[in-house]
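In full-length UniProt numbering, the protein residues as written are 1 to 118. Every residue gets a Cβ at the ideal spot worked out from N, C-alpha and C, and that includes glycine. Read through the structure below, which is laid out as structure tokens, and then see the notes.
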């Protein structure tokens with residue numbers, strides 16, 4: 001695992017998943033709450049990946065320029081960011097338009113039967 005991430009598994013869990021994962025979750029929520037499109041998550045996700053690599057380097061002497069570590073960490077952060085975006089978007093649609101849509105899962109909604117959605 002260290003050859004992929006450029007650091008130990010504990011640092012990967014602590015910094016990438018817990019600390020930066022929280023930042024990614026909040027980023028996804030912020031983009032969804034302001035009704036912005038999902039493609040705007042991409043530059044934020046890439047920047048969060050850079051911040052993650054820097055924190056691993058500065059605090060735990062990990063590899064700063066590890067391409068595989070950057071790709072691995074950024075992929076994890078993208079998953080968290082997009083999941084938070086979709087969760088927030090679905091909740092927002094259902095709370096603002098309860099007469100038009102109904103929930104069919106945590107990440108999906110559909111038009112209610114008889115609702116005229118165009």
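For this session: Check each candidate in 44, 91 and 5 and name the one with the smallest Cα separation from residue 108.
Result: 91
Exercise. Any contact of the region 7-17 with the region 28-43, i.e. 3+ C-beta pairs under 8 Å?
Worked result: no
Exercise. How would you write the range of the alpha helix (DSSP H) that residue 4 sits in, first residue to last?
Worked result: 2-5
Exercise. Exposed or buried, what is residue 42 when buried is set at 16 or more other beta-carbons lying within 10 Å of its beta-carbon?
Worked result: exposed
Exercise. In terms of alpha-carbon separation, which member of 53, 94 and 104 lies closest to residue 71?
Worked result: 53
For this session: State buried or exposed for residue 114, treating a residue as buried only when at least 16 other CB atoms are found within 10 Å of its CB.
Result: exposed
Exercise. Which of the three DSSP states, helix, strand or coil, is assigned to residue 101?
Worked result: strand
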